[in-house]
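Student: Structure provided below as structure tokens; questions to follow.
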Amino acid sequence: MNFSHLRPPSRPRVDFVYSGLPMIEIVPAGSGKGTCLAWLSDHLQIKKEAVVAFGDG
46 MNFSHLRPPS
56 RPRVDFVYSG
66 LPMIEIVPAG
76 SGKGTCLAWL
86 SDHLQIKKEA
96 VVAFGDG
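Counting along the sequence shown from 1, when you hit position 40 you're at 85 in the working numbering, and nothing is skipped either side.
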């Protein structure tokens, strides 16, 4: 679903994520599981080749 019409011009750095009724998540633009895993593995000094992720989405 496209929620870009909900984004106010003063807040261009947010994304809307539809999680199913009745949820719409408002998150920082560019954030996500991949971004989090990249940061966490760097922070913990774990090589990306040693990281595995899976989910329901």
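Glycine is no exception: its CB is placed at the ideal position from the N, C-alpha and C atoms. Because the structure is a prediction, the values reported are computed rather than measured.
When you compare only the Cα positions, how much space is there between R58 and A95?
Tutor: Locating residue 58 in the sequence shown gives position 13, counting from the first residue. Locating residue 95 in the sequence shown gives position 50, counting from the first residue. Roughly 31 Å separates the two Cα atoms.
Student: Among K93, G77, S86, whose alpha-carbon lies nearest the alpha-carbon of L100?
Tutor: Working through the sequence shown from its first residue, we reach residue 100 at position 55. According to the sequence displayed, residue 100 carries Gly and not Leu. The shortest C-alpha separation from G100 is found at G77.
Student: Run through DSSP, which three-state label would G77 get?
Tutor: Numbered from 1 along the sequence shown, position 32 holds the residue referred to as residue 77. Of the three classes helix, strand and coil, the one that applies to G77 here is coil, per DSSP.
Student: What residues in its chain sit with their C-beta under 7 Å from that of I71, if we drop five residues either side in the sequence?
Tutor: Residue mapping note: residue 71 aligns to position 26 of the sequence shown, counting from 1. The residues are V59, F61.
Student: Would you kindly report the start and end of the unbroken beta strand (DSSP E) that includes G65?
Tutor: Numbered from 1 along the sequence shown, position 20 holds the residue referred to as residue 65. Counting along the chain, the beta strand (DSSP E) containing G65 begins and ends at 59 to 65.
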